[in-house]
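Working notes, beginning with the structure itself.
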Amino acid sequence: MVLAQHTPVILLDEPTSALDLGHAVEVLELVREVAAAGRTVVMVQHDLAAAARYADLLVAMKDGRVIARGEPAGTVDEALVKELYGLDADILRAPGDAAPVVVPRSRPLR
Numbered sequence: 018m019v020l021a022q023h024t025p026v027i028l029l030d031e032p033t034s035a036l037d038l039g040h041a042v043e044v045l046e047l048v049r050e051v052a053a054a055g056r057t058v059v060m061v062q063h064d065l066a067a068a069a070r071y072a073d074l075l076v077a078m079k080d081g082r083v084i085a086r087g088e089p090a091g092t093v094d095e096a097l098v099k100e101l102y103g104l105d106a107d108i109l110r111a112p113g114d115a116a117p118v119v120v121p122r123s124r125p126l127r
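Residue numbers (this note's numbering): 18 to 127.
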């Protein structure tokens with residue numbers, strides 16, 4: 018409905034939370050097309066990898082505070098993942114692709 022009404026600002030709260038990977042990518046690509054057409058999109062997304070791939074600007078929050086803000090390629094790093102989730106992780110980038118991919122390291126079994 019929002020897409021049909023051509024509102025200048027779209028607010029999305031976890032638009033891919035109940036979707037399989039294929040449908041999630043389809044939704045995120047549609048959102049990116051809408052933003053590229055000049056509309057403002059504000060999206061809450063807990064999937065850091067998806068947020069990093071599809072956002073122009075990433076704002077990371079924890080406990081109601083902004084802890085990082087910027088272009089995803091320069092914002093998502095090991096320290097951010099540690100602060101947000103308490104996890105050690107590797108940040109990978111495919112050749113020719115600036116979008117960071119977060120690969121969490123396993124915790125020892127207890």
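C-beta: ideal position from N, C-alpha, C; glycine also.
Query, Result
"Exposure label - Ala-72; buried when at least 16 CB within 10 Å", "buried"
"Own chain residues within Cβ distance below 6 Å of Leu-29, not counting five before or after", "Met-60"
"Three-way DSSP call (helix, strand, coil) for Ala-66 in this model", "helix"
"Pick from Gln-62, Ile-27, Gly-91 and Pro-121 that is closest to Glu-134, judged by C-alpha positions", "There is no way to answer for residue 134, as the model of the chain reaches only from 18 to 127."
"Selection from Ala-111, Asp-114 and Val-120 that minimises the alpha carbon distance to Lys-99", "Val-120"
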